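Inspection log for the structure reproduced underneath, given as structure tokens.
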Amino acid sequence: MTVIDSATLNWEALAQEAKRHLQALLRCDTTTPPGNEELATAYLREQLVAEGIEPRLIEPAPGRVSVWARLQGSGIARPLLLVSHTDVVPVERDQWHADPFGGEEHDGFIYGRGAVDMKGMLAMELTLFLHFARQVQMSDQRLDRDLLLHSVADEEVGAKYGMSWIVENEPELVDAEYALNEGGGMGLDFGKQRVYLCEMAQKGSIHITLLAKGALTRITYAPLPMRIIPTSRRLIELLAATQTQPRRSLLLQVLNPLLSERVLSLLPDQDTANALRAMLHSTASPTLLKAGTALNVIPGEATAQLDCRIVPGETVETLTAALRKRIRDPKVVVKADSFSPGYEMQITPLFAAIQHAIAAQEPGALVAPYLFPAVSDSRFLAPRSVTAYGFVPHRPESGVPPVQSLAHGHDERVSVANLEFGLKVLHSVINEMSKTRSGQV
Ligand SMILES: [Zn+2]
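Here the sequence shown stands for residues 710 to 1150, where the numbers follow our numbering.
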């Protein structure tokens, strides 16, 4: 495939195209429950068909439609999957200053539920998918791998009618070497250093029941033991390397179990400290407490259910052992009810492609690996040997809340400038990943 000179592309026109797609998608109310993803899917299908691409629609339950489209490559390398979801979480309308389903533009920002989670990414992926399809039609050459566009239903509430169903019933649709999905891509400023986080690991979960008999048990929830995975180590080493001494040496002590808490508490930015703490420890939050049946009877037993978010590598055995040690009461029964392991991806050429793309758009900015403390559909791709990274390019803007608080928050919005930035970064990544490895073009 001939390398398309990105300098000659009309980025403004592409950003306007992405904006048009985003506004149309935001006007589809795909709040889950109930979902109604077919509204968004109908739009996607129409756009693809208009360019001569017939997508595949997957509908495990009425209205819960996912869409999949393929731009066939030469087959030199295995496919690159562009993943997104079309469902969104509910809104509190009275907290918004714009119609959350109106696709309104104010001062260069497009407002609407899903603008950052994750219809904005979908709009960029669709724009680039169609762009590459046009390039291939015009040049009569192919990309070195299939480019797959896969926008699924039901991500926000369990994936039963979305990615979970698809990997079980139509696994060939996600047979890819690489995937780009949500979970990372946001830039943050660490001191004076701009860092873009590339999500390459996710926490898993364990649900635990504590059963305390015959005694009222005091339970404390101090941080669980540290568990350092390579992704976390790389991030902290990379952040430390941007600092001058003695801050550099001090920051490295975040990896020292004896000093970690002390150093984290000294960081000027406690949001960053909390994010680092979440990467280094599994957590156990008591979410359901049950004891007693009547006001005048002292209960014989009490149960506490713990929602545990575990660092990859943590098992039922290691976690329950840590909890028992913490509880220090052999009478308390600790029982795991469910277990979903986390995962960690390797550093691959996709990571290098993301680094090159960011370096071209923002010289001096770094890309760092990152453990996402929540989950996305990538957890269904990881067991299928797909290297899935979360990277929705998003440049921080002054006066705008960070993307992490806009997602699921009020006045969710994305600027047209950020759509253009994201298109440039993603175009560069797709282009690099679609070139013959030998360097021939
Ligand atoms: Zn999402």
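Even for Gly, the Cβ is constructed at its ideal location relative to N, Cα and C. On a predicted model such as this, the values are computed, not experimentally measured, just so you know.
Can you tell me whether DSSP reads Leu925 as helix, strand or coil? Position 216 of the sequence shown, counting from 1, holds the residue named residue 925. With a pLDDT of only 41 at Leu925, under 50, the local geometry of the prediction cannot be trusted, and the value read off the model is given with reservation. Reduced to three states, the DSSP call for Leu925 is coil.
Same chain, Cβ closer than 7 Å to His1117, five either side skipped, listed in chain order: Counted from its first residue, the sequence shown places residue 1117 at position 408. Exclusion of the five residues before and after His1117 leaves Val798 and Asp826 as the residues of its chain whose Cβ lies within less than 7 Å of its Cβ.
Under the criterion of a Cβ to heavy atom distance below 7 Å, does Glu721 qualify as lining ligand 1? As a position in the sequence shown, residue 721 is number 12, starting the count at 1. For ligand 1, not one heavy atom lies less than 7 Å from the Cβ of Glu721.
With H, G and I counted as helix, E and B as strand and the rest as coil, what does DSSP make of Gln1064? Start at 1 with the first residue of the sequence shown, and residue 1064 comes out as number 355. It is helical.
Quick test of your reading: Arg754 and Leu766, contact by CB under 8 Å. State the CB separation rounded to the nearest angstrom. Numbered from its first residue, the sequence shown carries residue 754 at position 45. Numbered from its first residue, the sequence shown carries residue 766 at position 57. Rounded to whole angstroms, the Cβ separation of Arg754 and Leu766 is 7 Å, and the two are in contact under 8 Å.
Look at Ala727 and Asp796 and say whether their C-beta atoms are less than 8 Å apart. Counting from 1 along the sequence shown, the entry for residue 727 is found at position 18. Counting from 1 along the sequence shown, the entry for residue 796 is found at position 87. For Ala727 and Asp796, no; Cβs fall outside 8 Å.
If you run the structure through DSSP and keep just helix, strand and coil, what is Pro1078? Start at 1 with the first residue of the sequence shown, and residue 1078 comes out as number 369. Three-state DSSP puts Pro1078 in a strand.
Beta-carbon within less than 7 Å of Tyr1052's beta-carbon, same chain only, minus the 5 sequence neighbours each way: which residues are those? Within the sequence shown, the letter at position 343 stands for residue 1052. If we look at Tyr1052 and ignore the five residues flanking it on each side, its Cβ neighbours are Ala910, Gln911, Pro1021, Arg1088 and Ala1091.
For Ser1137 and Ile1067, I'd like the C-alpha separation in whole angstroms. Start at 1 with the first residue of the sequence shown, and residue 1137 comes out as number 428. Start at 1 with the first residue of the sequence shown, and residue 1067 comes out as number 358. Looking at the backbone, the Cα of Ser1137 and that of Ile1067 are separated by about 9 Å.
Among Leu976, Arg942, Leu961 and Val1043, which residue has its Cα nearest to the Cα of Pro995? As a first step, residue 995 must be located in the sequence shown, where it is residue number 286. Nearest of Leu976, Arg942, Leu961 and Val1043 to Pro995, Cα basis: Val1043.
Flag this pair as touching only if the region 884–898 and the region 1094–1113 have three or more C-beta atom pairs under 8 Å; answer yes or no. Yes, the region 884–898 touches the region 1094–1113.
Gly829 in three-state terms, based on DSSP: Taking the first residue of the sequence shown as position 1, residue 829 is located at position 120. Looking at Gly829 - three-state DSSP - the assignment turns out to be helix.
Is the distance from the Cβ of Arg779 to the Cβ of Asp849 below 8 Å? The count along the sequence shown starts at 1 and reaches residue 779 at position 70. The count along the sequence shown starts at 1 and reaches residue 849 at position 140. Contact flag unset, no.
Which residues DSSP lists as bridging Cys903, in chain order: Taking the first residue of the sequence shown as position 1, residue 903 is located at position 194. Just to set this straight, residue 903 is Arg in the shown sequence, not Cys. Arg903 is bridged to Asp898.
Does the Cβ of Glu881 lie closer than 7 Å to at least one heavy atom of ligand 1? Here residue 881 refers to the residue found at position 172 when the sequence shown is read from its first residue. Of the heavy atoms belonging to ligand 1, none sits nearer than 7 Å to the Cβ of Glu881.
Under the assumption that Pro934 contacts Ala1031 (Cβ atoms under 8 Å), give the Cβ distance between them as a whole number of angstroms. Your numbering for residue 934 matches position 225 in the sequence shown. Your numbering for residue 1031 matches position 322 in the sequence shown. Yes, they are in contact, since the Cβ atoms of Pro934 and Ala1031 sit about 6 Å apart, within 8 Å.
Pocket of ligand 1 defined by Cβ to heavy atom distance under 5 Å: Result: Asp826, Met827 and Glu891.
Taking the straight line between their C-alpha atoms, what separation do you get for Arg1146 and Leu791? What you label residue 1146 is simply residue 437 of the sequence shown in a count that begins at 1. What you label residue 791 is simply residue 82 of the sequence shown in a count that begins at 1. Because the pLDDT of Arg1146 is 43, which lies under 50, any placement of that residue in the model is unreliable, and the number read from its coordinates should be weighed accordingly. Near 20 Å, if we compare the C-alpha coordinates of Leu791 and Arg1146.
With DSSP as the reference, label Met935 as helix, strand or coil. Locating residue 935 in the sequence shown gives position 226, counting from the first residue. Looking at Met935 - three-state DSSP - the assignment turns out to be strand.
So, with DSSP's three-state summary, where would you put His859? On the sequence shown, position 150 is the one that residue 859 refers to. Note: His859 maps to strand in three-state DSSP.
Once DSSP output is grouped into helix, strand and coil, what is the label at Leu889? In the sequence shown, the residue the question calls residue 889 occupies position 180. Three-state result, Leu889: strand.
Looking only at its chain, what residues have a beta carbon closer than 6 Å to the beta carbon of Leu925, apart from the 5 residues adjacent to it on each side? The sequence position of residue 925 within the sequence shown is 216, counting from 1. Low local confidence applies: a pLDDT of 41 at Leu925 is under 50, so the model's placement there is unreliable, and no value is given.
Okay, do the region 1046–1065 and the region 1007–1021 touch, 3+ Cβ pairs below 8 Å being the bar? Touching, yes, given that three or more Cβ pairs across the two stretches are closer than 8 Å.
I need the straight-line Cα distance from Ser1094 to His859, nearest angstrom please. Within the sequence shown, the letter at position 385 stands for residue 1094. Within the sequence shown, the letter at position 150 stands for residue 859. C-alpha separation (whole angstroms): 17 Å.
Is DSSP giving Leu1128 helix, strand or coil here? For the purposes of this step, residue 1128 is taken as residue 419 along the sequence shown, with counting starting at 1. Leu1128: helix per DSSP, three-state reduction.
When you compare each of Leu1028, Arg903, Ile762 and Gly893 to Ala842 by their alpha carbons, which one comes out closest? Position 133 of the sequence shown, counted from the first residue, corresponds to residue 842. Among Leu1028, Arg903, Ile762 and Gly893, the Cα nearest to that of Ala842 belongs to Ile762.
Classification of Asn719 by the beta-carbon crowding that lies within 10 angstroms, buried from 16 upward: Working through the sequence shown from its first residue, we reach residue 719 at position 10. Under this definition Asn719 is an exposed residue.
For Arg971, count the other beta carbons within 10 Å of its own beta carbon; 16 or more makes it buried, fewer makes it exposed. Which is it? Counting from 1 along the sequence shown, the entry for residue 971 is found at position 262. Classification for Arg971: exposed.
Look at the Cβ atom of Leu947, then the Cβ atom of Ala1077, and state whether they are nearer than 8 Å. Position 238 of the sequence shown holds residue 947. Position 368 of the sequence shown holds residue 1077. Yes. Within cutoff.
For Asp980, which three-state DSSP category applies? On the sequence shown, residue 980 is found 271 positions in, with the first residue counted as 1. Asp980 carries a helical assignment under DSSP once its states are collapsed to helix, strand and coil.
Which listed residue (Gln804, Ser1085 and Glu813) has its alpha carbon closest to that of Cys737: Along the sequence shown, read from residue 1 onward, the residue named residue 737 stands at position 28. Ranked by Cα distance from Cys737, the options Gln804, Ser1085 and Glu813 are led by Glu813.
On the DSSP bridge list, what partners appear for Tyr1052? Residue 1052 sits at position 343 when you count from the first residue of the sequence shown. For Tyr1052, which the question treats as bridged, DSSP gives the partners Gln911.
Start-to-end residues for the alpha helix (DSSP H) that takes in Phe1026: Counting from 1 along the sequence shown, the entry for residue 1026 is found at position 317. Looking at the sequence shown, residue 1026 is not Phe but Glu. Run containing Glu1026: Val1025 to Ile1036, per the alpha helix (DSSP H) assignment.
Candidates Thr1012, Ser991 and Thr992: which alpha carbon is nearest Gly1001's? Taking the first residue of the sequence shown as position 1, residue 1001 is located at position 292. Measuring from the Cα of Gly1001, the nearest candidate turns out to be Thr1012.
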